[in-house]
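Below is one structure, written out as structure tokens; comments come after it.
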């Protein structure tokens, strides 16, 4: 288990480690979007990743790093979102158990995803305190290896591999637009760019959940309480390890309004015909209004509630 | 302009003619769907075609066949759906005008698509009589070449090219599931399979708009009036040229209920992460309940109203 900011070789090793399990996701372009945004854009399609989100990368890396202990005692996390399903999936790849603590108001689709991958769910009250207390309890009972959704260097190294692949496909990116919630994807992207690229790294955040923006400006973590945004994957506040890396290697945090997020989501679905979750629209929303130059945009996931439609 | 059922060489020529303009769309697989359906399935992604639907193929072929007259007088059709946008796009590729007669209650997104490709819209009352009368009027005023949405052999030859490409990718298809509305796609698929494949061809139709099923059983065209189904692209009744081909070369028509269509649409968006229109789910819905064997399924288009979401 990594106890330091991942080095260049840590990222390379993480990538080699997970490659037999994950998808090398496609990179999309759209001449129509390019003309709107005024730059050449490359979209990294992590909505087509295993489990429907980049989270499979970090979870798989953390599971493989803790392989022996995990097989003996299982893995554990608390998550209302994609990380729970990703950890359940990753654990199942090596025949290990996964204990997932979920709030009892979690969307049915998220519960179904965890169950599908064989995750063992413990429900708790929908507060952070209840989640942590319940996870502690499960940990004591099982001895399972706790894998934090983002504040964990093995997770960060795993998430970095999405950007490594994007830079392999487009080595000369000048701008890199990355959604930021807890900061797992953004801190990983910033490290990958530091070691393998030369882009300006821009964290893309909902205006309504702008703790990363505020923290980045203030030079200290300022969590937000119960933010309300359609980008449900970005409601989380930054982790300490993530913030440490973001302070050093990210160049700017830019926020997008709810209208800008909706417009960007609408573009992705109606033009690219790709179903991404609203969080994945954050990169596009910011790309539409910032900067010139060859740009990479990470479409971070594709898990969303389809009930409004059918 | 073809005046007979397209021959094998007619299809090959149509494909060569349109290849510089259209996308060779990708073919998807899903191990999860395969286990549900009990067969190996190959999805032809025509939602990623130019203009977001297979209609670009037929329209481009008809435009190129009528190139000289079209450049002089323009092209004309009546359409509330994807064919109008496809014809406007195809005409714009050779610098010709496109006159599109649309009902005045057409969805805003469909109107916007026609306008985006430079189509010249004439609105009319939302009845078939009004459409045809208005199209006649525009034809008299402009001398434009009328291109029927499906009851036209050049259109049929163009639509056949989607199946030619699917058979190139998977020559040994045993079953071919094709949505049927006016019958342009299905009659084209049946011809392509007759000349290049050896599959059982199954037309897939909403139970609520089952004129193809009824006509196929009765051996004569039995149009439906104002059918109500979420598969809006399949509300049309069969054309005469289409029915003639379908009677000869299609093996079976199978209907899907609204619930089956919704479930299949939900699968495509939530699992494949591909935004298809509900009509495109008809092939999946029928594939889920019929037959065993290597199967091709045409995802016919991806243009749908996103308003319920954003």
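Chains as they are written, first to last, in this note's numbering: chain A, 288 to 597; chain B, 288 to 597. From the three backbone atoms N, C-alpha and C, an ideal C-beta is built for every residue, glycine too. Everything numeric in this text was worked out from a predicted model, so none of it was measured.
- The distance from the Cβ of residue 563(A) to that of residue 488(A) is about 20 Å, inconsistent with a contact at the 8 Å cut-off.
- Of all residues in the segment 333-345 of chain B, the ones placed with a Cβ closer than 9 Å to any Cβ belonging to chain A are 334, 335, 339, in chain order.
- Within chain A, no residue has its beta carbon less than 9 Å from that of residue 528(B); the closest one is some 30 Å off.
- For residue 560(B), the residues of chain A that pass the 8 Å Cβ criterion are 334, 335, 339, 561, 562, 563, 589, in the order they occur in the chain.
- DSSP places residue 583(B) inside the beta strand (DSSP E), whose first and last residues are 582-586.
- Looking at 339(A), 317(A), 532(A), the one whose alpha-carbon comes closest to that of residue 291(A) is 532(A).
- Residue pairing for residue 410(A): DSSP places it in a beta bridge opposite 389(A).
- Check the Cα spacing between residue 339(B) and each of 589(B), 561(B), 452(B): the tightest is with 589(B).
- Here residue 445(B) really is in contact with residue 344(B); their C-beta atoms are around 4 Å apart, less than 8 Å.
- Its Cα nearest to that of residue 366(B), the residue 414(B) stands out among 331(B), 414(B), 352(B).
- Boundaries of the alpha helix (DSSP H) harbouring residue 421(B): 415-429, taken from the DSSP string.
- Residues of the segment 311-336 of chain A whose Cβ lies closer than 7 Å to any Cβ of chain B, in chain order: 334, 335.
- Put simply, of 561(A), 554(A), 557(A) the residue whose alpha carbon is nearest the alpha carbon of residue 557(B) is 561(A).
- Below 8 Å, too few C-beta pairs join the segment 544-553 of chain A and the segment 427-442 of chain A to call them touching: fewer than three.
- For residue 475(B), the enclosing alpha helix (DSSP H) has its first and last residue at 471-483.
- For the set 420(B), 396(B), 381(B), 579(B), the Cα lying nearest the Cα of residue 388(B) is the one of 420(B).
- Secondary structure at residue 440(B): helix, using DSSP grouped into helix, strand and coil.
- CA-CA distance, residue 330(B) to residue 554(B), rounds to 13 Å.
- CA-to-CA, the gap between residue 359(B) and residue 352(B) works out to about 14 Å.
- In the DSSP annotation of this structure, the continuous segment of the beta strand (DSSP E) that includes residue 332(A) starts and ends at 328-332.
- Out of 438(B), 534(B), 347(B), 498(B), the CA that lies nearest to the CA of residue 521(B) is found in 498(B).
- Per the Cβ contact rule, the segment 375-392 of chain B is not in contact with the segment 451-469 of chain B (fewer than 3 Cβ pairs under 8 Å).
- Under the DSSP assignment, residue 503(B) falls in the alpha helix (DSSP H) whose first and last residues are 498-505.
- Taking a cut-off of 8 Å for Cβ pairs, the segment 575-583 of chain A and the segment 321-329 of chain A touch, as three or more such pairs fall below it.
- For a Cβ distance threshold of 7 Å, nothing in chain B lies close to residue 522(A): the least Cβ distance comes to about 18 Å.
- If you look at residue 551(B), you'll find it in the alpha helix (DSSP H) that goes 545-557.
- At a C-beta separation below 8 Å, residue 379(A) has no neighbours in chain B, since its nearest C-beta there lies roughly 14 Å away.
- In terms of beta-carbon proximity, residue 396(B) lines the interface with chain A, with at least one pair separated by less than 9 Å.
- Neighbours of residue 581(A) in chain B, taken as residues at a C-beta separation under 8 Å, are lacking, since the least C-beta distance is about 23 Å.
- Against chain B, a Cβ distance below 7 Å from residue 556(A) picks out 562, 593.
- Scanning its chain for C-beta atoms nearer than 7 Å, with the 5 sequence neighbours on each side dropped, one finds around residue 569(B) the residues 466, 491, 492, 493, 518, 521, 543, 548, in chain order.
- The C-beta distance from residue 443(A) to residue 529(A) rounds to 7 Å, short enough to fall under 8 Å.
- Per the coordinates, the alpha-carbon of residue 400(A) lies some 9 Å from the alpha-carbon of residue 371(A).
- Contact between residue 342(A) and residue 309(A) is ruled out by a C-beta separation of about 11 Å, above the 8 Å threshold.
- In the displayed model, residue 290(B) falls within coil according to three-state DSSP, outside both helix and strand.
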